[in-house]
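In my numbering, the protein residues as written are 3 to 227.
Cβ coordinates follow ideal geometry from the N, Cα and C atoms, glycine included.
Data first, discussion second: the structure below is written as structure tokens.
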């Protein structure tokens, strides 16, 4: 997998940034340090001022790359879902049995390969952590309609569509594949968050195999009901 993915470069919507952070050492440091800080302190407490201090640079230099911490979060959000789409394609393209394809897809969504370092220097464990904790803040805003028109949620939509397409392979007459796909993907994130912080809302603890099995069964039973 590493050999194949080493040739892949994730291209993100240019509306996410003022200047491509991957184009300079400072930009890459902004990504790695902000990822660490958001994971540690949360988006609410994170500021560009704190980031600039940690990087020994000026706050204005941060704004040359991102116009706001919301856009920075959207950058990570889009990067994550682009990475997930690549993993889904890689792990399911050789599977001809739709049930097996669904099971593998759900496993990828529940347990993305955090050890894969072939296409980015980002800390994937931190990236996964902030997507679980912060990703709903990327779209639960008053600007969501405008940002949607600009394609800032396209990466998530592609992943959801890929899962919906697998569902339709299992049951071509199922009328709610898009609904079930998006609900399952968001639910996978929410259940991990609940398991960590509000355990009475989840029967899943820290077992990602159990999480993937639960959602595989939920999806399959809906498709074959």
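Cβ pair residue i, residue j closer than 8 Å
i: residue 31; j: residue 57; result: yes
i: residue 146; j: residue 86; result: no
i: residue 40; j: residue 54; result: no
i: residue 195; j: residue 122; result: no
i: residue 157; j: residue 84; result: yes
i: residue 90; j: residue 172; result: no
i: residue 45; j: residue 139; result: yes
i: residue 20; j: residue 50; result: no
i: residue 176; j: residue 108; result: no
i: residue 104; j: residue 59; result: no
Inter-residue spacing [alpha-carbon to alpha-carbon] between residue i and residue j
i: residue 106; j: residue 210; result: 13 Å
i: residue 18; j: residue 82; result: 14 Å
i: residue 97; j: residue 88; result: 15 Å
i: residue 79; j: residue 15; result: 12 Å
i: residue 174; j: residue 167; result: 9 Å
i: residue 94; j: residue 150; result: 28 Å
i: residue 75; j: residue 137; result: 8 Å
i: residue 236; j: residue 12; result: In the structure as shown, the chain starts at 3 and stops at 227, and residue 236 therefore has no counterpart that could be examined.
i: residue 101; j: residue 182; result: 16 Å
Cβ neighbours of residue i in the same chain (closer than 7 Å, five flanking residues each side left out)
i: residue 187; result: 111, 161, 162, 165
Nearest-angstrom Cβ-Cβ length linking residue i and residue j, presumed shorter than 8 Å
i: residue 37; j: residue 128; result: 5 Å
i: residue 206; j: residue 193; result: 5 Å
i: residue 130; j: residue 169; result: About 24 Å separates the two Cβ atoms, so there is no contact after all.
i: residue 155; j: residue 178; result: Actually they do not touch by this definition, with Cβ atoms about 20 Å apart.
i: residue 124; j: residue 33; result: 6 Å
Same chain only: Cβ atoms within 6 Å of residue i, ignoring 5 sequence neighbours per side
i: residue 133; result: 82
i: residue 204; result: 193, 196, 197
i: residue 61; result: 50, 51, 54
i: residue 208; result: none
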